[in-house]
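Protein chains in written order, with this note's numbering: chain A, 1 to 250; chain B, 251 to 663. Each residue gets a CB set at the ideal place from its N, CA and C atoms; glycine is no exception. Since the model is a prediction, treat every value here as computed from it, not as a measurement. For reference, the structure is listed below as structure tokens.
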């Protein structure tokens with residue numbers, strides 16, 4: 001097992017507000033971590049800070065990814081090195097087809113690593129297989145990115161992008177929100193297909209239900225921008241039963 | 251104003267009396283009308299005063315040698331291509347019966363082309379100037395029930411130090427259809443005052459495209475006056491890449507029941523150029539519908555503007571009108587103003603309008619970058635997607651590809 005992500009004493013501000021306050025976290029290859037916490041606890045801020053959103057400023061502390069200081073890398077470099085963020089609210093880009101977007105993203109990564117562009121046929125075979133796995137109709141792929149997609153379709157499309165880009169670290173920000181039970185199973189199957197000895201996942205969620213399909217190795221409870229308790233799947237079940245109060249306001 | 255008189259006198263011997271009379275009466279009217287209207291909304295964004303000062307210093311440069319250097323091959327295969335150069339329309343092909351070039355025979359029966367009926371004083375200014383300068387006109391008049399399959403491609407060849415005033419008159423006869431694309435190639439140090447009148451008779455259909463390439467050190471005024479009778483369907487797409495002072499004035503009149511018009515324009519001025527878009531739609535009949543969709547991509551120190559007005563009279567029922575203007579500002583120095591107006595005087599109508607202006611969406615840029623796409627490519631994608639949403643509505647695949655090719659060669663991130 002090698003170290004994939006290491007976060008040390010991290011403080012992140014958004015505007016004048018401090019959101020993440022002294023966070024420490026280590027994720028090794030092969031591991032799946034879940035972060036749970038009430039609204040406003042800083043979960044999504046952490047996800048965006050790792051991905052490099054310009055409005056999320058690291059005030060102090062360090063995020064190291066595969067030996068690289070993430071703050072020294074641009075957003076696209078982070079992606080090309082294998083960091084993937086599945087958005088809580090996937091963005092719609094009408095006029096740019098899903099297929100063209102995915103092909104550009106894959107080829108950007110290949111170019112970064114000095115590889116030739118993927119041939120059209122290889123790309124299409126891969127896309128067909130993975131979109132089928134994510135239960136996304138072929139006709140959707142020629143539509144604008146997330147354009148006119150339902151909430152569930154958008155989330156499945158995020159997982160499709162993850163499968164196509166084959167990242168090393170996948171951060172899924174409330175991917176389960178707005179999903180019906182069937183879509184949740186499809187999303188979970190995509191995430192489970194991605195899991196292997198070399199990859200790692202950080203799943204941000206409010207509820208235990210997604211974790212019934214993706215069993216995490218660690219469950220962390222987030223409150224006021226820091227981890228206040230770590231456990232295993234049993235912790236998620238306790239939270240489902242007792243809520244957050246017993247931890248955040250004991 | 252003396253310059254105008256001199257201009258007419260200089261070449262009056264080339265024209266029949268009726269044309270000279272028409273020019274004289276246009277001059278008279280122009281002197282009366284012009285001072286009253288130059289400050290109103292239609293003209294205030296343009297440099298019309300400046301242009302008028304330059305107007306008669308330019309001369310037609312009839313240089314056959316210039317033509318020799320130009321490849322007269324159309325970029326659109328199988329189209330009937332008509333060229334315009336030094337004030338005159340011409341073609342290398344046999345002219346079909348539904349097309350007439352006025353310079354071949356200055357027929358008195360054609361003088362109605364230069365008429366000013368149905369134009370307000372305000373709108374008549376460019377037409378009056380065009381009457382004075384124009385020495386030729388292109389007329390297209392389809393036969394009843396005629397479906398013109400061949401695309402008509404009208405190409406305005408590059409001008410240098412030219413004062414050119416193309417005049418077109420198109421009548422799409424009952425139950426006929428036609429597709430026309432006009433294309434102004436790049437000119438330098440010129441004044442282009444383009445005037446077109448289109449009438450669509452009952453149950454006819456028209457696809458009309460216009461491409462204004464970038465004009466250098468030039469003024470461009472593009473005027474379209476459209477009248478539609480009942481059960482007509484018109485689709486208009488304009489691409490305007492800007493001029494030192496570039497204006498498009500569109501007046502679309504829905505004069506028959508069930509007449510539909512869709513007017514889309516993509517204006518993309520860059521450097522120090524401008525592109526001012528003005529569209530007025532009059533719903534003059536019941537059950538008429540209009541859809542106006544203008545998009546601006548303004549770069550560098552360029553200026554764009556949109557002025558759109560939909561008018562629905564009190565007695566007109568069952569109309570629908572949709573008007574949208576979206577603008578993308580690509581630099582801190584670029585400027586845009588947008589004024590969408592609905593003047594609705596009854597309840598039995600369905601109308602909506604919206605306007606947005608802004609720079610590239612930061613959250614979209616972030617999203618693309620999280621997928622490994624670099625800053626420039628991400629911007630490129632967003633601009634393309636903004637443009638493509640409009641350009642993809644071009645009905646003809648061939649013209650869509652053609653317009654996309656021109657667009658691709660004319661913007662930069």
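Interface residues of chain B facing residue 76 of chain A [CB-CB closer than 7 angstroms]: Within the first chain, numbered from 1, the residue matching residue 76 of chain A stands at position 76. What residue 76 of chain A touches in chain B: 619, 622, 623, 624.
Which chain B residues sit within Cβ distance under 8 angstroms of residue 53 of chain A? Within the first chain, the letter at position 53 stands for residue 53 of chain A. The contacting residues are 616.
Here's the rule: buried if 16 or more other CB atoms are within 10 angstroms of the residue's CB, otherwise exposed. What is residue 595 of chain B? Taking the first residue of the second chain as 1, we reach residue 595 of chain B at position 345. Flag for residue 595 of chain B reads exposed.
Return the CA-CA distance between residue 93 of chain A and residue 119 of chain A, expressed in angstroms with no decimal places. By 1-based counting over the first chain, the position of residue 93 of chain A is 93. By 1-based counting over the first chain, the position of residue 119 of chain A is 119. Taking the straight line joining both Cα atoms gives about 25 angstroms.
What in chain A is Cβ-close to residue 634 of chain B, meaning under 8 angstroms? Looking up residue 634 of chain B in the second chain gives position 384. The contacting residues are 95, 96.
Enclosing alpha helix (DSSP H) for residue 285 of chain B [first to last residue]: As a working note, residue 285 of chain B is residue 35 in the second chain. That run of the alpha helix (DSSP H) goes 267-287.
Nearest chain A C-beta to residue 631 of chain B closer than 8 angstroms, yes or no? In the second chain, counting from the first residue as 1, residue 631 of chain B sits at position 381. With 8 angstroms as the cut-off, residue 631 of chain B counts as an interface residue toward chain A.
Take every Cβ of the segment 43-56 of chain A, pair it with every Cβ of the segment 166-177 of chain A, and state whether three or more of those distances are shorter than 8 angstroms. yes
Identify, in the order they occur along the chain, each residue of the same chain with its Cβ nearer than 6 angstroms to the Cβ of residue 19 of chain A, setting aside the five sequence neighbours on each side. The residue labelled residue 19 of chain A in the question sits at position 19 within the first chain. For residue 19 of chain A, where only same-chain residues beyond five positions count, the Cβ hits under 6 angstroms are 12, 42, 45, 225.
Give the DSSP-derived three-state secondary structure of residue 119 of chain A in the structure shown. What you label residue 119 of chain A is simply residue 119 of the first chain in a count that begins at 1. Residue 119 of chain A: coil per DSSP, three-state reduction.
Use the C-beta contact count for residue 312 of chain B: other C-beta atoms within 10 angstroms, 16 or more gives buried, fewer gives exposed. As a first step, residue 312 of chain B is located in the second chain; it is residue number 62 there, counting from the start. Residue placement at residue 312 of chain B cannot be trusted, given a pLDDT of 42 that sits under 50; what the coordinates show is reported in the next sentence. Counting Cβ neighbours within 10 Å, residue 312 of chain B comes out exposed, since fewer than 16 surround it.
For residue 545 of chain B, list the residues DSSP reports as bridge partners. Within the second chain, numbered from 1, the residue matching residue 545 of chain B stands at position 295. DSSP, once it has assigned bridges, lists B/516, B/576 as partnering residue 545 of chain B.
Helix, strand or coil: which one does DSSP assign to residue 376 of chain B? As a working mapping, residue 376 of chain B is identified with position 126 in the second chain. Correct three-state label for residue 376 of chain B: helix.
Would you mind stating whether residue 549 of chain B and residue 445 of chain B have Cβ atoms separated by less than 8 angstroms? Your numbering for residue 549 of chain B matches position 299 in the second chain. Your numbering for residue 445 of chain B matches position 195 in the second chain. Taking 8 angstroms as the Cβ cut-off, residue 549 of chain B and residue 445 of chain B do not qualify as a contacting pair.
For the beta strand (DSSP E) holding residue 199 of chain A, just list the boundary residues, first then last. Along the first chain, one-based indexing puts residue 199 of chain A at 199. Premise fails: residue 199 of chain A is in no beta strand (DSSP E) and is neither H nor E.
For residue 95 of chain A, the first and last residue of its enclosing beta strand (DSSP E): Stepping through the first chain from its first residue, residue 95 of chain A is reached at position 95. Counting along the chain, the beta strand (DSSP E) containing residue 95 of chain A begins and ends at 93-97.
Give a yes or no on whether the C-beta atoms belonging to residue 406 of chain B and residue 334 of chain B are separated by under 8 angstroms. Start at 1 with the first residue of the second chain, and residue 406 of chain B comes out as number 156. Start at 1 with the first residue of the second chain, and residue 334 of chain B comes out as number 84. Closer than 8 angstroms, so yes.
Per DSSP, what are the beta-bridge partners of residue 444 of chain B in this structure? Position 194 of the second chain, counting from 1, holds the residue named residue 444 of chain B. B/472, per the DSSP bridge assignment.
Apply the 10 Å Cβ neighbour rule to residue 591 of chain B and answer buried if 16 or more other Cβ atoms are within range, or exposed otherwise. Locating residue 591 of chain B in the second chain gives position 341, counting from the first residue. Classification for residue 591 of chain B: exposed.
So which residues on chain C does residue 627 of chain B lean against when the C-beta distance must stay under 8 angstroms? Considering every chain present, this structure includes no chain C. Its protein chains are A and B.
Please list, in chain order, all residues of the same chain as residue 656 of chain B whose beta carbon is under 7 angstroms from its beta carbon, the five residues on each side excluded. One-based indexing of the second chain puts residue 656 of chain B at position 406. Cβ within range, chain order: 461, 489.
Could you name the residues of the same chain whose beta carbon sits closer than 7 angstroms to that of residue 142 of chain A, not counting the 5 residues immediately before and after it, in chain order? Along the first chain, one-based indexing puts residue 142 of chain A at 142. Excluding residues within five positions, the ones whose Cβ falls inside 7 angstroms are 97, 99.
At the 8 angstroms Cβ level, is residue 202 of chain A part of the contact set with chain B, yes or no? Against the first chain, residue 202 of chain A aligns to sequence position 202. Closer than 8 angstroms: no.
Compare the C-alpha of residue 15 of chain A against each of A/59, A/166, A/170, A/206 and name the closest. If you number the first chain from 1, residue 15 of chain A lands on position 15. Nearest C-alpha to residue 15 of chain A: A/59.
Hey, quick one: how far does the beta strand (DSSP E) through residue 527 of chain B stretch, first residue to last? Position 277 of the second chain, counting from 1, holds the residue named residue 527 of chain B. Note, residue 527 of chain B: beta strand (DSSP E), 524-533.
Starting from the beta carbon of residue 161 of chain A, find every residue of chain B whose beta carbon is closer than 7 angstroms, and list them in chain order. Along the first chain, one-based indexing puts residue 161 of chain A at 161. Per Cβ cutoff of 7 angstroms: 621.
Put residue 564 of chain B into one of helix, strand or coil per three-state DSSP. Counting from 1 along the second chain, the entry for residue 564 of chain B is found at position 314. The answer is coil: DSSP assigns residue 564 of chain B none of H, G, I, E or B.
Residue burial classification, residue 250 of chain A (beta-carbon count within 10 angstroms, cutoff 16): Here residue 250 of chain A refers to the residue found at position 250 when the first chain is read from its first residue. Exposed, since its Cβ has fewer than 16 Cβ neighbours within 10 Å.
Check whether the segment 451-461 of chain B touches the segment 424-438 of chain B, taking contact to mean three or more Cβ pairs, one atom from each stretch, closer than 8 angstroms. yes
Drop a sphere of 10 angstroms on the beta-carbon of residue 32 of chain A, count the other beta-carbons inside from all chains shown, and report buried for 16 or more, exposed for fewer. Position 32 of the first chain, counting from 1, holds the residue named residue 32 of chain A. Buried: at least 16 other Cβ atoms inside 10 Å.
By Cβ distance below 7 angstroms, which residues in the same chain neighbour residue 235 of chain B in space, the five residues on each side in sequence not counted? In the structure as shown, chain B starts at 251 and stops at 663, and residue 235 of chain B therefore has no counterpart that could be examined.
Roughly how many angstroms separate the alpha carbons of residue 535 of chain B and residue 504 of chain B, rounded to a whole number? Looking up residue 535 of chain B in the second chain gives position 285. Looking up residue 504 of chain B in the second chain gives position 254. Roughly 6 angstroms separates the two Cα atoms.
Just to make sure I have the definition right: I need the residues of chain A whose C-beta is within less than 7 angstroms of the C-beta of residue 639 of chain B. Which are they? On the second chain, residue 639 of chain B is found 389 positions in, with the first residue counted as 1. Near residue 639 of chain B (Cβ distances below 7 angstroms), the residues of chain A are 94, 95.
When the Cα of residue 29 of chain A is compared with those of A/1, A/192, A/50, which residue comes out closest? For the purposes of this step, residue 29 of chain A is taken as residue 29 along the first chain, with counting starting at 1. Minimum Cα distance to residue 29 of chain A is reached at A/1.
Proximal chain A residues relative to residue 693 of chain B, where beta-carbon distance stays under 7 angstroms: There is no way to answer for residue 693 of chain B, as the model of chain B reaches only from 251 to 663.
Close beta carbons around residue 530 of chain B, own chain, < 6 angstroms, minus the five adjacent residues each side: Start at 1 with the first residue of the second chain, and residue 530 of chain B comes out as number 280. For residue 530 of chain B, where only same-chain residues beyond five positions count, the Cβ hits under 6 angstroms are 501, 559.
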